[in-house]
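Asks: Using the UniProt record's numbering, you'd call the opening residue of the sequence shown number 1 and step up by one each time. We put the CB at the ideal spot given by N, CA and C, even for glycine. Keep in mind that this is a model prediction, so the values were computed, not measured. Below is the structure I would like to discuss, written out as structure tokens.
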Amino acid sequence: MSFGDPNNPYGQPQDPNQGQQPGYGYPQQAPQGVPPQQGYGYPQQQPGAYPQAPGTLQANNGYISVHGLGTVQVGSMGLRFAARLIDAVAIGAIVWLLSIVGLAGVVGAAESLEDCTSIDPMTPAYETCVNDQAAAAGGILAAFFGFLFLMFIATMLYEWLMISFVGATLGKMAVGLRVVKETTGGKPGIGGGFIRWIIPMVGAIVCGIGQLLVYLSPFFDNTGKTQGWHDRAAGTLVIKK
């Protein structure tokens, strides 16, 4: 028997790795052209894809993931400005109606004043007339400030309560915007609505400059959420419906 005989199977050199199964520590070679598969326990991610957590902007493209709502579009400043204009018209109509009522009351009170010039200043009737005029003037002044307070309450309730319980004013409804809580996606609620309303009102004390800055503050937001200072304080977002 010749070990050099090519026809003798016992004479062929054996590959030391032939017949062995890949074990631990040995990488398995994939066939050519077939991508290797990941093992168990390792999440497979698409290139460039990242999970979007609530409140996370998506590539700073004007969309944001909000809990309970999914991916929504952030309200633009153009739409917000248009909503403010519509709200100004609505509030102006309320103020106009209240002004008519208040003016009618003031005119009626003024006409009721008695003319004291025709009374002798040396008589007790003159002193009585003057006292009546002073009391009537005080009533007119009280009515004027009461009218201002009534307008303040009306505008406060319009903005505060509609944002709190509806999530939008008439202006925001008209342009397709709504205000939601950033963490839940729900309506702001009475607390969030009040905070969002009171901050611009405090700014209005300084000749309205502070209020204007608050309404322009979304331009200064570098997060891409277009949040104003009042939105940040209240934890709200303005989004498209």
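#1: Which residues in the same chain have their Cβ closer than 7 Å to the Cβ of Gly235, if we skip the five residues on either side of it in sequence?
#2: Taking Thr236 as part of the beta strand (DSSP E), name the residues at either end of that continuous run.
#3: Is the segment 138-155 in contact with the segment 204-221, if contact means three or more CB pairs nearer than 8 Å?
#4: Look at the alpha carbon of Leu98 and the alpha carbon of Tyr126, and state the distance between them as a whole number of angstroms.
#5: Could you check the C-alpha separation between Lys241 and Leu177 for me, to the nearest Å?
#6: DSSP three-state label for Ile119, please.
#7: Whose C-alpha, out of Ala233, Ile239, Leu212, Leu213, is nearest the C-alpha of Gly224?
#8: Are Ile86 and Tyr158 closer than 8 Å when you measure CB to CB?
#9: I need the straight-line Cα distance from Ser65 to Thr71, nearest angstrom please.
#10: Assuming Ile199 and Val214 form a contact by the criterion Cβ under 8 Å, report the distance between their Cβ atoms to the nearest whole angstrom.
#11: Going by alpha carbons, who is nearest to His67 out of Gly78, Gly186, Gln133, Val175?
#12: Closest to Lys172 by C-alpha separation, out of Tyr63, Gly62, Arg84, Ile119, would be which residue?
#13: Are the CB atoms of Thr169 and Gly75 within a distance shorter than 8 Å?
#14: Let me confirm a value: Pro47 is counted as buried when at least 16 other C-beta atoms fall within 10 Å, else exposed. Which label applies?
#15: Give the range of the beta strand (DSSP E) segment to which Val72 is assigned.
#16: What does the alpha-carbon distance come out to for the pair Gln133 and Gly228?
#17: How far does the alpha helix (DSSP H) with Ile64 in it reach, from first residue to last?
#18: Under the three-state reduction of DSSP, which class applies to Ile91: helix, strand or coil?
#19: Mind listing, in chain order, the continuous alpha helix (DSSP H) runs of no fewer than 4 residues lying wholly within the segment 150-219?
Replies: According to the structure shown:
#1: The residue you call residue 235 lines up with position 235 of the sequence shown. If we look at Gly235 and ignore the five residues flanking it on each side, its Cβ neighbours are Lys181, Glu182, Thr183, Gly192.
#2: In the sequence shown, the residue the question calls residue 236 occupies position 236. Per DSSP, Thr236 belongs to the beta strand (DSSP E) from 236-240.
#3: Output reads no: the segment 204-221 does not touch the segment 138-155.
#4: As a position in the sequence shown, residue 98 is number 98, starting the count at 1. As a position in the sequence shown, residue 126 is number 126, starting the count at 1. Just so you know, the alpha carbons of Leu98 and Tyr126 end up roughly 36 Å apart.
#5: Position 241 of the sequence shown holds residue 241. Position 177 of the sequence shown holds residue 177. Straight-line spacing of the CA atoms in Lys241 and Leu177 works out to 6 Å.
#6: Taking the sequence shown and counting its residues from 1, the one referred to as residue 119 is at position 119. The DSSP-derived three-state label of Ile119 is coil.
#7: Start at 1 with the first residue of the sequence shown, and residue 224 comes out as number 224. Closest option to Gly224, Cα to Cα, is Ile239.
#8: The residue you call residue 86 lines up with position 86 of the sequence shown. The residue you call residue 158 lines up with position 158 of the sequence shown. Between Ile86 and Tyr158, the gap from beta carbon to beta carbon reaches 8 Å or more.
#9: Mapped onto the sequence shown, residue 65 falls at position 65. Mapped onto the sequence shown, residue 71 falls at position 71. Those two C-alpha atoms are separated by around 4 Å.
#10: By one-based count along the sequence shown, residue 199 stands at place 199. By one-based count along the sequence shown, residue 214 stands at place 214. That pair is a contact at about 6 Å.
#11: As a working note, residue 67 is residue 67 in the sequence shown. Of the listed residues, the one whose Cα sits closest to His67 is Gly186.
#12: In the sequence shown, residue 172 corresponds to position 172, counting from 1. Distance check between Lys172 and each of Tyr63, Gly62, Arg84, Ile119 places Arg84 closest, using alpha-carbon atoms only.
#13: Taking the first residue of the sequence shown as position 1, residue 75 is located at position 75. Taking the first residue of the sequence shown as position 1, residue 169 is located at position 169. No, the Cβ-Cβ distance between Gly75 and Thr169 is not below 8 Å.
#14: Counting from one through the sequence shown, the residue named residue 47 turns up at place 47. Any reading at Pro47 needs caution, since the residue's pLDDT is 41, under 50, leaving its predicted position unreliable; the model's value is listed next. Around the beta carbon of Pro47, a 10 Å sphere encloses fewer than 16 other beta carbons of the protein chains shown; the residue is thus reported as exposed.
#15: Within the sequence shown, residue 72 is the residue found at index 72, counting from 1. Run containing Val72: 70-73, per the beta strand (DSSP E) assignment.
#16: Position 133 of the sequence shown, counted from the first residue, corresponds to residue 133. Position 228 of the sequence shown, counted from the first residue, corresponds to residue 228. Gln133 and Gly228: Cα-Cα distance of roughly 50 Å.
#17: Residue mapping note: residue 64 aligns to position 64 of the sequence shown, counting from 1. Ile64: not part of any alpha helix (DSSP H); member of the beta strand (DSSP E) spanning 63-66, first to last residue.
#18: Along the sequence shown, one-based indexing puts residue 91 at 91. Residue state, collapsed to three classes: helix.
#19: Here the runs fully enclosed are 170-175, 189-203, 209-216.
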